[in-house]
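**Student:** Next up is a structure, given as structure tokens.
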């Protein structure tokens, strides 16, 4: 972190299509920046660094500590360590949503696998169990009945990480074969897409296809409320509709991937440009 | 701008706009390679996906 003067830093250990779009937009506008590979990043406690930092680190642990490292030096980091800490843990995210009055599915937390069966019973079946930390739908499991719940908990008990033994259980909302992704940048929605998949986990990383979705006032209000609740500047908000069309917010993603979103909405939006607009505006303040 | 695949020694010819830390795939053996520098083009085997990677 020493000896650099570019007003903007972009943190990324892996440059995916999303990061290429952002870097290309910065280049196109002639905005100076430093691309920082977080794998080589270190800094002193108390070192001064007043830059605006776009945090596109793909690893959550590195993203969280990198944000903290820059923030303690005086930098403004998008997204902040606080936002990453909240979004990066499904329980903390649910708590933030509930406290802000954002509708989210009924959720329970059990502190041991032994205590979780009672939580499953209370939430009711079918339920969903999710790892506290993780993305792309990894290990998110549908639990149709008590017998499957007991078996899943046997596997959970065998996991080595103590954090894995804390069990996050959520009521499964019967929904169409799609969810809704809204991208928010700087307190404004960029757009919305449906993510439609053949399996119930409608993550793009699991093969779901993005399609345009109208950004209604209700979707906008929920997405902005959720983004504010977690304190994010740039967010991917996931919503689901139940069979009656009522919307709830599942989670907020702090390191939003937008290639599928961009492809679905085409020329109607330019996510990278909106991110760069926000970075440049922050750098000017 | 070419390099040799670290796995199969096939020729790697990335797109003109390739960036440092981008991951490209060998057309011959499909291994993922990380771009360490563009000029000269140097590559390393890409890191495995870790448990906390994602959005």
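Chains as they are written, first to last, in the numbering used here: chain H, 3 to 287; chain L, 151 to 205.
Built from N, CA and C at the ideal position, the CB exists for glycine as well.
Assuming the contact rule is C-beta atoms closer than 8 angstroms, residue 158/H and residue 166/H should be a hit. Round their C-beta distance to whole Å, please.
**Tutor:** What you label residue 158/H is simply residue 156 of the first chain in a count that begins at 1. What you label residue 166/H is simply residue 164 of the first chain in a count that begins at 1. Yes, residue 158/H and residue 166/H are in contact; Cβ-Cβ is about 6 angstroms, under 8 angstroms.
**Student:** Compare the C-beta of residue 188/L against all C-beta atoms of chain H and say whether one is closer than 8 angstroms.
**Tutor:** Your numbering for residue 188/L matches position 38 in the second chain. Judged by the 8 angstroms Cβ criterion, residue 188/L is not in contact with chain H.
**Student:** Using a Cβ cut-off of 7 angstroms, pull out every chain H residue sitting near residue 202/L, in sequence order please.
**Tutor:** As a first step, residue 202/L is located in the second chain; it is residue number 52 there, counting from the start. Neighbours of residue 202/L on chain H, chain order: 61, 62, 63, 135.
**Student:** Any beta carbon of chain H sitting closer than 8 angstroms to that of residue 171/L?
**Tutor:** What you label residue 171/L is simply residue 21 of the second chain in a count that begins at 1. With 8 angstroms as the cut-off, residue 171/L counts as an interface residue toward chain H.
**Student:** How about the region 119-128 of chain H and the region 92-101 of chain H: do they share at least three Cβ pairs that are nearer than 8 angstroms?
**Tutor:** Touching, no, given that fewer than three Cβ pairs across the two stretches are closer than 8 angstroms.
**Student:** Quick check on residue 44/H: buried or exposed, where buried means 16 or more other Cβ atoms within 10 Å of its Cβ?
**Tutor:** Within the first chain, numbered from 1, the residue matching residue 44/H stands at position 42. Exposed.
**Student:** Let's see if you can read the secondary structure: which residues bound the beta strand (DSSP E) around residue 91/H?
**Tutor:** One-based indexing of the first chain puts residue 91/H at position 89. Counting along the chain, residue 91/H falls outside any beta strand (DSSP E), and DSSP gives it neither H nor E.
**Student:** Taking the alpha carbon of residue 279/H as the point to measure from, which residue in 16/H, 184/H, 32/H, 13/H has its own alpha carbon closest?
**Tutor:** Residue mapping note: residue 279/H aligns to position 277 of the first chain, counting from 1. Answer by Cα proximity: 32/H.
**Student:** On the criterion of 16 or more Cβ atoms from any shown chain inside 10 Å, does residue 193/H qualify as buried, or is it exposed?
**Tutor:** The residue given as residue 193/H occupies position 191 in the first chain. Buried, by the Cβ-count rule.
**Student:** According to DSSP, residue 170/H sits in a beta bridge with which residue or residues?
**Tutor:** Mapped onto the first chain, residue 170/H falls at position 168. Paired residue(s): 111/H, 132/H.
**Student:** Determine the chain L residues that contact residue 259/H at a beta-carbon separation under 7 angstroms, and present them in chain order.
**Tutor:** Here residue 259/H refers to the residue found at position 257 of the first chain. Ordered by position in chain L, the residues that pass the 7 angstroms Cβ test against residue 259/H are 205.
**Student:** Could you say if the region 8-18 of chain H and the region 55-63 of chain H meet the contact criterion of at least three C-beta pairs nearer than 8 angstroms?
**Tutor:** The answer is yes - the region 55-63 of chain H touches the region 8-18 of chain H, with three or more Cβ pairs under 8 angstroms.
**Student:** Where does residue 151/H land, buried or exposed, given buried means 16+ other C-beta within 10 angstroms?
**Tutor:** For the purposes of this step, residue 151/H is identified with residue 149 of the first chain, where counting begins at 1. Residue 151/H should be labelled buried.
**Student:** Taking CB distances under 8 angstroms as the criterion, tell me whether residue 272/H reaches chain L.
**Tutor:** By one-based count along the first chain, residue 272/H stands at place 270. For residue 272/H, the answer is no, since every Cβ of chain L falls outside 8 angstroms of its Cβ.
**Student:** Leaving out five residues before and five after residue 202/H in sequence, what residues of the same chain have Cβ atoms less than 7 angstroms from its Cβ?
**Tutor:** In the first chain, residue 202/H corresponds to position 200, counting from 1. Here the set comprises 144.
**Student:** Return the chain-ordered list of same chain residues with a C-beta closer than 7 angstroms to the C-beta of residue 91/H, the five sequence neighbours on each side being excluded.
**Tutor:** As a working note, residue 91/H is residue 89 in the first chain. So the list reads 134, 135, once near-sequence residues are dropped.
**Student:** State the beta-bridge partners of residue 181/H as determined by DSSP.
**Tutor:** In the first chain, residue 181/H corresponds to position 179, counting from 1. DSSP lists 197/H as partners of residue 181/H.
**Student:** In its own chain, which residues sit with a C-beta less than 6 angstroms from the C-beta of residue 153/L, not counting the 5 before and 5 after it?
**Tutor:** Here residue 153/L refers to the residue found at position 3 of the second chain. The residues are 162, 191, 193.
**Student:** Between the region 35-44 of chain H and the region 227-243 of chain H, do three or more beta carbon pairs fall short of 8 angstroms?
**Tutor:** As far as the Cβ criterion goes, the region 35-44 of chain H does not touch the region 227-243 of chain H, which means the pair count is below three.
**Student:** Could you tell me the alpha carbon to alpha carbon distance between residue 65/H and residue 9/H, rounded to whole angstroms?
**Tutor:** Stepping through the first chain from its first residue, residue 65/H is reached at position 63. Stepping through the first chain from its first residue, residue 9/H is reached at position 7. Residue 65/H and residue 9/H: Cα-Cα distance of roughly 19 angstroms.
**Student:** Using a cut-off of 7 angstroms between C-beta atoms, extract the partners of residue 87/H located in chain L.
**Tutor:** As a working note, residue 87/H is residue 85 in the first chain. Near residue 87/H there are no residues of chain L at all, since even the closest Cβ is about 13 angstroms away, more than 7 angstroms.
**Student:** Does residue 57/H get closer than 8 angstroms to chain L when you measure Cβ to Cβ?
**Tutor:** Against the first chain, residue 57/H aligns to sequence position 55. No, because no Cβ of chain L sits closer than 8 angstroms to the Cβ of residue 57/H.
**Student:** Take residue 186/H as the anchor and find which of 103/H, 195/H, 37/H, 235/H has the nearest alpha-carbon.
**Tutor:** Your numbering for residue 186/H matches position 184 in the first chain. Closest option to residue 186/H, Cα to Cα, is 235/H.
**Student:** Measure from the alpha carbon of residue 36/H to the alpha carbon of each residue in 70/H, 252/H, 24/H, then state which is nearest.
**Tutor:** Translated into the one-based positions of the first chain, residue 36/H becomes position 34. Selected option, being the one with the closest Cα: 24/H.
**Student:** Using a Cβ-Cβ distance cut-off of 8 angstroms, determine whether residue 287/H contacts chain L.
**Tutor:** For this step, residue 287/H is matched to residue 285 along the first chain. It does not: the Cβ of residue 287/H has no partner Cβ on chain L nearer than 8 angstroms.
**Student:** Helix, strand or coil for residue 95/H, going by three-state DSSP, please let me know.
**Tutor:** Sequence index remark: in the first chain, residue 95/H carries index 93 (1-based). Reduced to three states, the DSSP call for residue 95/H is helix.
**Student:** My assumption, with CB atoms under 8 angstroms, is that residue 244/H sits in contact with residue 175/H. Please give the rounded CB distance.
**Tutor:** Indexing the first chain from 1 puts residue 244/H at position 242. Indexing the first chain from 1 puts residue 175/H at position 173. Contact holds; Cβ gap of about 5 angstroms.
**Student:** If you follow the beta strand (DSSP E) that residue 137/L is in, where does it begin and where does it stop?
**Tutor:** As shown, chain L starts at 151 and ends at 205. That puts residue 137/L outside it, with no answer to give.
**Student:** What does a CB cutoff of less than 6 angstroms around residue 272/H pick up in its chain, not counting 5 residues either side in sequence?
**Tutor:** Residue 272/H sits at position 270 when you count from the first residue of the first chain. Nothing listed; no residue qualifies.
**Student:** With DSSP as the reference, label residue 261/H as helix, strand or coil.
**Tutor:** Stepping through the first chain from its first residue, residue 261/H is reached at position 259. Residue 261/H falls in the helix class under three-state DSSP.
**Student:** Pull out every residue of the region 137-162 of chain H whose Cβ sits closer than 8 angstroms to any Cβ of chain L, in chain order.
**Tutor:** So the list reads 137, 138, 140, given in the order they occur along the chain.
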